[in-house]
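Worksheet: the structure to be examined is printed underneath.
Chains as they are written, first to last, in the numbering used here: chain A, 1 to 352; chain B, 353 to 630.
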């Protein structure tokens, strides 16, 4: 059988184990098939490093805390410890967030270019604007709080000026932007060609928002418990809210996983699976819910809050890192970018 | 006037003159001497430093020719039964494809760019203004073809400029100029479409019904991209060339996702308010 016969016998003699070989035989190359090109990813992953998922987490806590402070104001709460915690948390989060984001830029000195234009179809653009404006507004609110707490070095001009800030009005006006800061991180992910993210376009924003609010609630509850500060009425309210928001988050994550279908594979990979299932699903949602619905003790509340915060961080970590794995998988992208593949809701303009 | 490329993979001989010309003209650094070990393609893919990439597609589906066959007669397209049921599949067996930025009509990278660095220039090409880009990297996962890439040493994202500087001076892009077989054609998009249509028809008449034009609204636009200004004549399914069958415009989902998030925000806000009231 001439050449093909020789090739066949050579293929039998050679041990493969998936390692590249010195001789090149396209017929038997395990990487070579008609479905992709030597397994080289057809799309490129985002370069985003650790600053991004840390920002997703901290920004979420800040956004969630602002929601709590605003609702507390609207309901006429008087618990000073609660307002201090939430307002200073938002201030701190909105101070750290831009630092992380600018750090991650390839050209950090050009960060202001983000604000030279507003593009409604680019979540990176709308998010930058929302973060800037919301950060400034929450800064105003926190400054008034600081003035009232006497942190602006006593009764000086700055302190008197800060006390003039209509903090309730500013808080309410900033609320939509704050909620957007909590949600847009999810929208940022779906507006890409990465199959795992893009597939879950409807629920990614809501899921990130629910996680932001649950993290904000847990953080506030944790701080109040640790400092023995909050009124018991406040702590009870936080607990009730944590329960419901965690249930909403669980439903949204479950629906997201159903929606992602086979494209959710990276979330259950050897590396990310334990973190996602153990850290987010069991440790970050199921276990805190058991603790929150059980007997009420300070220790249980603290443990539940810590678990929610860790779970929220791991959720963002596996989502960002899982997106890298998803982008690196040719089969995943090609099956998604098919005419009748992953996107049934796209109306066909015409077929061949 | 929109300009673009037409890359006819059927006449590409894999000489890589386009890769070299592109690197030289645009002063792009070398990719190093890494060997893939599983193909003759050691460039692997487009990147921020490689704006033209010749893919080496080995298609071993058909059996090899064996026995006493008149190769000259075969090359002259004499159809006759071959021994052992073998077939000669000249175009399908060993294919090259010079890949490049697709210059999408509705470019996802351009829509993703938060700084407005990525624009459409006067030739209707998708162009990154290097003095504006701040290296956020959001265009990279947005690209449905894996073209635009961040360069870590520089910080910014880069891709084919369609030789904007040469076009301004009335020259054709370096890759098209260097191509010895005219596999890479440069010109007005409408004119190139006419050329492509003719060539695909010619290929069909010669017995290659699988030939088709990639980058038309049917292939590169049902998801909202609206087609490509660099098109390709392909002889196999797009995945063989590492191209998606039906790319989509990611930003089409932003409005819906924002509305969904607004609804979720209302519900979650109401739930927290309810819980806080006790």
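Glycine is no exception: its CB is placed at the ideal position from the N, C-alpha and C atoms.
- Contacts with chain B at 9 Å (Cβ-Cβ) do not include residue 168 of chain A.
- Within the region 545 to 588 of chain B, the runs of beta strand (DSSP E) at least 3 residues long that lie entirely inside it are, in chain order, 564 to 566, 582 to 586.
- If you look at residue 450 of chain B, you'll find it isn't in any alpha helix (DSSP H); it sits in the beta strand (DSSP E) that goes 446 to 452.
- The region 135 to 153 of chain A makes no contact with the region 196 to 205 of chain A, as fewer than three CB pairs between them are under 8 Å.
- Here residue 388 of chain B carries a coil assignment [DSSP, helix/strand/coil].
- Residue 624 of chain B is positioned such that its CB atom lies closer than 9 Å to that of residue 71 of chain A.
- Here the region 53 to 72 of chain A lies against the region 216 to 227 of chain A, with 3 or more beta-carbon pairs under 8 Å apart.
- Take residue 178 of chain A, set aside five residues on each side of it, and the residues of its chain with a beta-carbon closer than 6 Å to its own are 63, 66, 134, in chain order.
- Within the same chain, 454, 579, 580, 582, 583, 584 come within 7 Å of residue 567 of chain B by CB-CB distance, once the 5 residues on both sides are set aside.
- Under the criterion of beta carbons closer than 8 Å, residue 331 of chain A and residue 35 of chain A qualify as touching, at roughly 7 Å.
- Leaving aside the five residues that flank residue 168 of chain A on each side, the residues in its chain whose CB is nearer than 6 Å to its CB run, in chain order, 73.
- Assignment of residue 153 of chain A by DSSP, reduced to helix, strand and coil, places it in the coil class.
- Listed in chain order, the positions of the region 575 to 598 of chain B with a beta carbon within less than 9 Å of a beta carbon of chain A are 575, 576, 588, 589, 590, 591, 592, 593, 594, 595, 596, 597, 598.
- Across the structure, residue 293 of chain A and residue 225 of chain A are spaced so that their CA atoms are roughly 17 Å apart.
- For residue 355 of chain B, the enclosing beta strand (DSSP E) stretches over residues 355 to 360.
- The closest CA to that of residue 44 of chain A, considering only B:531, B:595, B:473, is found on B:595.
- Residue-level contact by beta carbon holds for residue 197 of chain A and chain B, with a gap shorter than 9 Å.
- When Cβ-Cβ separations below 9 Å define contact, residue 609 of chain B makes contact with chain A.
- Partner residues in the beta bridge of residue 456 of chain B, as assigned by DSSP, are B:580.
- The beta carbon of residue 488 of chain B sits closer than 9 Å to some beta carbon of chain A.
- As computed with DSSP, residue 366 of chain B is found in no beta bridge at all.
- Flagged as an interface residue toward chain A: residue 463 of chain B, by a C-beta distance shorter than 9 Å.
- Residues of chain A whose Cβ lies closer than 7 Å to the Cβ of residue 396 of chain B are, in chain order, 40.
- Sorting B:518, B:600, B:508 by C-alpha distance to the C-alpha of residue 335 of chain A places B:600 at the top.
- Annotation for residue 557 of chain B: no residue places its beta carbon closer than 6 Å to its own, counting only its chain and skipping 5 residues before and after.
- For residue 325 of chain A, no beta strand (DSSP E) encloses it; the enclosing alpha helix (DSSP H) starts and ends at 298 to 327.
- Beta-bridge pairing by DSSP links residue 122 of chain A to no other residue.
- Out of A:243, A:275, A:125, the CA that lies nearest to the CA of residue 322 of chain A is found in A:275.
- Not one beta carbon of chain B lies nearer than 9 Å to the beta carbon of residue 235 of chain A.
- Residue pairing for residue 539 of chain B: DSSP places it in a beta bridge opposite B:356.
- Short of 7 Å from the beta carbon of residue 104 of chain A, and not among the five residues preceding or following it, lie these beta carbons of its own chain, in chain order: 48, 49, 51, 52.
- Between residue 189 of chain A and residue 319 of chain A, the CB-CB gap stays under 9 Å.
- Beta-bridge pairing by DSSP links residue 479 of chain B to B:471.
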